[in-house]
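**Student:** Quick one: this structure, given as C-alpha cells, is what I'll be asking you about.
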Amino acid sequence: MIQKNIHNILEALKAYWLFIIPHHLFSRFTYIITRTSHPLTGYLIRTYINLFKVNMNECEKKSIDEYNTFCDFFTRKLKPGIHKINDEQNSIVSSCDGKILEYGKIKNNTILQIKGKDITIDELLDNDKSIQDTYKDGSFVTIYLSPKDY
796 MIQKNIHNIL EALKAYWLFI IPHHLFSRFT YIITRTSHPL TGYLIRTYIN
846 LFKVNMNECE KKSIDEYNTF CDFFTRKLKP GIHKINDEQN SIVSSCDGKI
896 LEYGKIKNNT ILQIKGKDIT IDELLDNDKS IQDTYKDGSF VTIYLSPKDY
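In the working numbering, the protein residues as written are 796 to 945.
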C-alpha cells in the first residue's frame, strides 16, 4: 500500500511542472524551437537520435546537417522499400511503425487500453450511435508509437 502511494506521488510530481508553467508560452516556445533553424537544431536532433536510438540508415537524408529544423527531421522521409507493404488480400497494414498492444473484436463492453487508461468503445466514440453502428462487430488494434518510430 505504501509503495503504491509513493508511486502515485512520484507520478503526480513528474507532471506537476506542466501545471505551473504558462501553457501558451510553452507552446509558442516549442513551436519556435522545432520550426526554425538555429544553433540548437543540430544538438536537438543529435540528442533525439541518441536518446531514442533512431536508425538513420533508413532515412533518405542520413546526415543531421541536411535537416534545417527539428520539424524537418521529425517528418523525415524513409528510403523507398524500407518498409514493405503487405499486399495480401486479408492482411492488415498500418500507417506507422509501432508495437501492437491490444487487438480484438469490438463489442459493447470491450475495454481498450488507450494511453494507460481504460475506456469503453462507447466512450471512445463519444456515445454517437451512428458511429457505433458503423463499427459494430468490427475489429480494433491499439498500436504504441514509440519516440524512435517517429
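Each residue gets a CB set at the ideal place from its N, CA and C atoms; glycine is no exception.
Got a sec? Which residues, its chain only, sit under 6 Å from ILE916 by beta carbon, not counting five neighbours each side?
**Tutor:** Correct list, in chain order: ILE901, THR905.
**Student:** On a CA-only basis, which of THR929, TYR862, ASN885, ILE909 is nearest LEU839? Give me that one, please.
**Tutor:** Among THR929, TYR862, ASN885, ILE909, the Cα nearest to that of LEU839 belongs to TYR862.
**Student:** Check whether the segment 889-901 touches the segment 929-939, taking contact to mean three or more Cβ pairs, one atom from each stretch, closer than 8 Å.
**Tutor:** Result yes; three or more Cβ-Cβ pairs closer than 8 Å.
**Student:** Between which two residues does the beta strand (DSSP E) containing ILE887 stretch?
**Tutor:** Neither: ILE887 is in no beta strand (DSSP E) and is coded neither H nor E.
**Student:** Would LYS943 and PHE865 qualify as a contact pair, given that the criterion is a beta-carbon distance under 9 Å?
**Tutor:** Not a contact, by the Cβ cut-off of 9 Å.
**Student:** Can you look up LEU920 in the DSSP assignment and give me helix, strand or coil?
**Tutor:** Reduced to three states, the DSSP call for LEU920 is coil.
**Student:** For GLU853 and VAL888, I'd like the C-alpha separation in whole angstroms.
**Tutor:** Cα to Cα, GLU853 sits roughly 19 Å from VAL888.
**Student:** Within the segment 844-883, note down every full alpha helix (DSSP H) run reaching 4 residues or more, in order along the chain.
**Tutor:** Qualifying alpha helix (DSSP H) stretches, in chain order: 865-869.
**Student:** Using 8 Å for Cβ pairs, my map puts THR828 next to LEU835. What's the rounded Cβ distance?
**Tutor:** The residue you asked about is not Thr; residue 828 is Ile in the sequence shown. Correct: roughly 7 Å between the Cβ atoms.
**Student:** To the nearest angstrom, how far is it from the Cα of PHE824 to the Cα of GLU883?
**Tutor:** Spanning the two alpha carbons is a distance of roughly 45 Å.
**Student:** With DSSP run on the structure shown, which of helix, strand or coil describes SER822?
**Tutor:** Helix.
**Student:** Where PRO817 and TYR826 are concerned, what is the direct C-alpha to C-alpha distance, given to the nearest angstrom?
**Tutor:** Cα to Cα, the separation comes out at about 14 Å.
**Student:** Do you know how far the Cα of LEU920 is from the Cα of ASP913?
**Tutor:** The straight-line gap from Cα to Cα measures roughly 14 Å.
**Student:** In whole angstroms, give me the CA-to-CA distance for ILE859 and HIS878.
**Tutor:** Approximately 22 Å, taken between the alpha carbons.
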